[in-house]
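Note sheet for the following structure.
There are 2 protein chains.
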Amino acid sequence: MSEVSWQEIDGILKRSHQAFLSYQKVTGKDKASFLEAIAKEIENIGDSLIRTAMEETNLPEARLAGERGRTCNQLRQFAALVMDGSWVEARIDTAIPDRAPLPKPDLRKMMVPLGPVVVFGASNFPFAYSTAGVDTASALAAGCPVVLKAHPAHPRTSDLVADAIVKAAGRTGMPADVFIHVHAAGFETGKALVQHPLTKAVGFTGSFSGGKALYDYATQRPDPIPVFSEMGSINPVFILPGSMQARSEKVAEMYAASITQSVGQFCTNPGLLLSMENNHLDEFKRQLADKMKKVAPATMLHPGIAGNYLKNRQHALAQKGVTLLAESTDMPGQNQAMATLATVKAADFISNPALAEEVFGPYSLLVTASNITELKAAAEKIPGQLTTTIIGEEEELIKYADFIHLVTAKAGRVIINGVPTGVEVCPSMHHGGPFPATTDSRFTSVGTDAIKRFVRPVSFQNFPQALLPVELRNENAYGIWRLLNNSWTRDKVS
Amino acid sequence: MSEVSWQEIDGILKRSHQAFLSYQKVTGKDKASFLEAIAKEIENIGDSLIRTAMEETNLPEARLAGERGRTCNQLRQFAALVMDGSWVEARIDTAIPDRAPLPKPDLRKMMVPLGPVVVFGASNFPFAYSTAGVDTASALAAGCPVVLKAHPAHPRTSDLVADAIVKAAGRTGMPADVFIHVHAAGFETGKALVQHPLTKAVGFTGSFSGGKALYDYATQRPDPIPVFSEMGSINPVFILPGSMQARSEKVAEMYAASITQSVGQFCTNPGLLLSMENNHLDEFKRQLADKMKKVAPATMLHPGIAGNYLKNRQHALAQKGVTLLAESTDMPGQNQAMATLATVKAADFISNPALAEEVFGPYSLLVTASNITELKAAAEKIPGQLTTTIIGEEEELIKYADFIHLVTAKAGRVIINGVPTGVEVCPSMHHGGPFPATTDSRFTSVGTDAIKRFVRPVSFQNFPQALLPVELRNENAYGIWRLLNNSWTRDKVS
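These protein sequence lines are chains C and E, in that order. Residue numbers for the first sequence, in our numbering: 8 to 501. Residue numbers for the second sequence, in our numbering: 8 to 501.
Here it is in structure tokens:
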């Protein structure tokens with residue numbers, strides 16, 4: 008795979024912009040057919056898609072089959088969203104011609120698509136955050152064409168899915184080039200795609216260094232554009248003493264599984280556990296350590312990620328005060344990662360920012376504080392996160408309500424008595440958090456609200472009915488929810 | 008006025024952050040009382056507020072009285088918004104414990120405030136975009152404390168309004184420092200306020216150079232924050248031939264008034280008129296020129312703005328192919344601006360980007376194209392705008408529907424047969440547009456949706472009822488609209 012020349016990139020974005028001129032006018036119903044057709048075409052590929060992805064990512068069959076299901080489900084959720092149509096946030100304020108001192112004009116507002124969106128496939132989710140993943144699905148749902156840069160770790164998987172999208176576009180009469188697939192090995196192509204004047208927004212899931220670089224390119228353009236980089240997280244879990252007493256074994260079991268699920272290659276992987284000294288802490292440590300030892304080493308997505316895991320794990324274990332508590336008993340093979348649990352006192356954690364850095368893989372650090380004051384001080388040191396979790400018994404949770412409120416400031420999603428891994432796809436999901444978890448905490452990259460990243464509002468003042476978008480006309484032909492003169496209704500304007 | 012030291016700024020943001028820790032928990036009802044009290048206290052200042060603003064801005068009494076009314080109206084609209092409570096975009100997806108293969112957790116999401124917001128007062132709106140203007144009102148409504156940097160052109164006006172806010176805060180039991188007023192002459196203080204780690208967002212209305220500099224500071228912080236800079240616009244107006252035939256005199260009258268209203272010191276001032284050659288164009292030119300000549304020169308906001316007007320007008324008039332059509336017949340006095348109308352052929356406009364730059368003041372450039380193709384080419388050269396306007400007869404508008412769609416891509420608000428000046432404050436208003444009109448086309452700085460700039464969503468997973476924000480609890484105590492299992496309702500969760 009070689010880099011793509013600037014001429015080629017220029018041609019790609021010009022084609023994408025041409026596609027936008029027609030695609031922005033496609034109705035919700037037709038976009039829904041397109042998205043449904045993509046899901047269907049992906050399913051039609053059958054087993055060969057799963058086999059190809061297994062070869063390229065080392066992920067097991069069941070996980071990949073599940074991820075394919077989720078990907079098709081996401082596409083169908085966006086199809087339902089645009090079919091319903093209410094997502095455009097229509098607002099109508101009708102004219103008051105005889106208002107004093109000045110007449111009030113007729114004003115109507117709704118969301119319109121931004122233009123071509125560049126999406127970067129992610130290495131750790133070959134389906135759900137890649138070629139036809141949520142960035143692509145939400146951009147297409149919004150009315151934006153997509154230029155997709157395949158992740159170089161799974162090019163053949165990406166080709167299969169890209170073909171499915173192109174086939175679906177053809178079958179449902181979408182404009183040519185509504186989806187363009189680009190392969191490139193290095194960073195230069197990505198940079199050029201983000202810097203091209205016709206690119207209007209960017210979606211990325213991956214490392215901090217990659218996501219932050221794209222953000223910098225985009226904000227330093229002559230005309231800055233939004234970049235939605237989701238850059239990982241250590242997803243702190245606070246385990247309150249009552250739960251250690253009441254159910255340490257169960258918590259240990261739940262977390263040994265969560266830390267090592269998919270070889271720890273989830274952006275919501277719990278890389279940091281925090282607790283306070285208590286009579287049951289040693290027992291919990293032993294239980295969690297025992298379970299981590301029993302987890303077999305497993306092959307990571309690609310050699311680069313496996314190499315980084317060994318390096319970052321070593322770096323973390325070498326920090327002052329850090330003790331190794333457990334690692335997989337079995338020896339790891341090539342490109343395999345051993346499950347790892349380490350521990351450190353809160354005082355050392357507080358004074359060393361390196362301990363709040365992500366070790367991407369099946370690694371977790373247990374921080375022990377002497378009391379709630381020290382736990383709070385440790386929590387304050389944690390930068391922005393996708394998630395944070397609190398494990399506690401019912402009365403205890405109420406007692407620590409202020410603390411829970413404090414850690415909510417750090418994250419986009421707060422979980423009580425669960426694990427951060429497993430990101431439900433639904434309207435209430437927020438997958439995004441304060442920097443450096445993402446570059447824009449105000450938007451989600453999972454769930455139907457992800458569509459909001461690729462649109463902007465436009466007000467139409469004093470428009471004749473025939474020139475208004477259908478969504479804003481009096482008749483309300485789609486029967487969508489609209490804020491009409493300050494009241495929510497699906498009625499027409501009478 | 009001197010610069011504020013870094014120590015002082017650090018102290019200010021620390022106090023603001025402290026205020027946030029309590030203010031974020033204040034209920035919508037109590038925030039509404041606060042906002043209402045601000046409006047009341049501003050009204051209580053009485054005539055001395057208008058007199059002070061007249062002295063500092065040279066704006067006439069009627070205009071300032073109107074702007075004060077609008078400012079209080081804005082505050083009351085935000086009060087009503089947070090009193091109602093539905094603005095938090097609550098979404099609830101209840102648990103499905105027996106779902107296969109995995110149980111579905113209970114997930115609930117709503118908007119929470121970002122933290123301390125730095126707001127820069129604007130020179131051209133001493134009330135509506137300044138101390139208690141829409142940035143302040145929307146941030147306070149969202150639950151964010153405000154650090155307000157007064158515009159140095161009207162410090163005493165700002166002091167009076169700041170006192171009203173502080174009095175209202177005290178009277179309604181708001182935390183100390185929920186609003187902090189800062190005076191400073193130069194740019195260094197603004198830069199430091201934006202760069203302070205505890206600042207979480209920025210609101211600005213003013214020049215391109217100022218707004219873009221703040222954007223650059225904010226996006227180049229170690230942890231970037233959102234900046235909402237509204238940086239002005241030339242607000243192109245396309246006058247179709249039919250209207251020139253049917254009502255040239257009326258259009259000329261409407262536009263002579265709009266171009267020169269408040270000495271052209273509106274961000275929605277129509278600085279660019281575009282038309283096609285037709286039999287009535289010369290007549291329209293003559294009519295508009297006659298009316299512009301009759302407009303008396305008037306005093307601008309401050310000597311700096313008056314000096315820039317003369318300089319920028321001269322620069323524009325000196326461009327290739329530009330002809331002066333009319334200027335105020337009366338001689339301008341000190342710091343006064345003469346109304347100015349110039350014209351240029353579309354070919355010259357297309358080849359010279361300088362002609363699409365704003366001349367802040369009562370100036371407009373009439374561009375004449377030979378046909379619709381050339382008009383389109385001229386439209387393509389116009390950068391992002393707050394507004395664009397089309398003047399046309401009914402059948403003609405339908406005929407040019409594609410053209411109207413094309414220019415919609417350039418702006419945040421599109422007006423048919425009206426003037427861009429006069430920005431209605433209502434939910435359907437979008438005051439914002441593609442760069443360089445603003446730094447973020449996805450958000451408005453007028454109307455209740457302006458609150459969305461200062462919040463982010465948080466998901467609460469598997470929370471006990473008592474720990475959830477009131478807005479997300481089953482009972483729906485505030486009776487707000489919520490998306491409950493994919494349906495909009497004000498019902499409680501049963």
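Glycine included, each C-beta is placed from N, C-alpha and C at the ideal position.
As a beta-bridge residue in DSSP terms, Ile398/C pairs with Ile246/C.
Excluding the 5 residues flanking it on each side, Leu490/E has same chain C-beta neighbours closer than 6 Å at Arg98, in chain order.
Annotation: the region 213-264 of chain E contains the following complete segments of the alpha helix (DSSP H) (minimum length 4 residues), in chain order: 215-226. In the DSSP annotation of this structure, the continuous segment of the beta strand (DSSP E) that includes Ile187/E starts and ends at Phe186 to Val189. Following the DSSP letters along the chain, one finds Met61/C in no beta strand (DSSP E) but inside the alpha helix (DSSP H) bounded by residues Asp54 to Thr64. In the structure shown, the three-state DSSP call for Lys417/C is coil. Excluding residues up to 5 positions away in sequence, Val430, Thr451, Ser452 and Val453 lie with their Cβ nearer than 6 Å to the Cβ of His438/E in the same chain. Taking C-beta atoms under 8 Å as the contact rule, Phe461/E and Ala208/E qualify, at a distance of about 5 Å. With a cutoff of 9 Å on beta-carbon distance, Ala183/E and Ala175/E are scored as not near each other. A buried status is given to Gly249/C, since no fewer than 16 other beta-carbon atoms sit within 10 Å of its beta-carbon.
Chain order gives the chain C residues near Ala473/E as Ile405, where near means a beta carbon separation below 7 Å. Taking a beta-carbon distance threshold of 9 Å, Ala408/C counts as an interface residue toward chain E. Asn469/C reaches chain E at Ile422, Ile423, Asn424 and Gly425, counting residues in chain order whose Cβ is nearer than 7 Å. With its beta carbon less than 9 Å from one in chain C, Leu114/E belongs to the interface. DSSP places Lys352/C inside the beta strand (DSSP E), whose first and last residues are Thr347 to Lys352.
Checking the DSSP bridge columns, you'll see Asp100/C partnered with Leu114/C. Where Tyr30/E is concerned, there is no enclosing beta strand (DSSP E), although the alpha helix (DSSP H) around it starts and stops at Trp13 to Tyr30. Judged by DSSP secondary structure, Ala384/C falls within the alpha helix (DSSP H) whose first and last residues are Ile379 to Glu387. Excluding five sequence positions before and after Lys417/E, the CB atoms of its chain that fall closer than 8 Å to its own CB belong to Pro243, Ala386, Ile389, Pro390, Gly391, Gln392, Thr395, Gly440 and Pro441, given in chain order.
Shown here is that no member of the region 123-151 of chain C has a Cβ falling below 8 Å from a Cβ of chain E.
Of Asn286/E, Leu331/E and Lys38/E, the smallest CA-CA separation from Asp297/E is found for Leu331/E. Within the region 385-402 of chain E, those residues whose Cβ lies closer than 7 Å to any Cβ of chain C are, in chain order, Glu401.
Within chain C, no C-beta atom comes nearer than 7 Å to that of His322/E; the closest sits roughly 21 Å away.
Distance from the CA atom of Ile52/C to the CA atom of Phe41/C, rounded to whole angstroms, is 17 Å.
A Cβ-Cβ contact shorter than 9 Å links Leu288/C with Thr375/C. Any Cβ of chain E closer than 9 Å to the Cβ of Val477/C would place that residue at the interface, and such an atom is absent.
Contact with chain E is found for Thr226/C, since one of that chain's Cβ atoms lies less than 9 Å from the residue's Cβ.
By the neighbour-count criterion, in which a residue is buried when 16 or more other Cβ atoms sit within 10 angstroms of its Cβ, Leu404/E is buried. Around the beta carbon of Asn483/E, a 10 Å sphere encloses 16 or more other beta carbons of the protein chains shown; the residue is thus reported as buried. For the 9 Å CB-CB criterion, Pro277/C and Thr428/C form a contact. Using a CB distance cut-off of 9 Å, Ser466/C counts as an interface residue toward chain E. Residues of the region 257-290 of chain C with a Cβ closer than 9 Å to any Cβ of chain E: none. For the 9 Å CB-CB criterion, Phe85/E and Ile487/E do not form a contact.
Look at Asn359/E: its C-beta is not under 9 Å from any C-beta on chain C. By a beta-carbon distance limit of 8 Å, Met307/E does not contact Gly399/E. Their separation comes to about 33 Å. Our two residues, Thr101/C and Arg70/C, have alpha carbons roughly 52 Å apart in a direct line.
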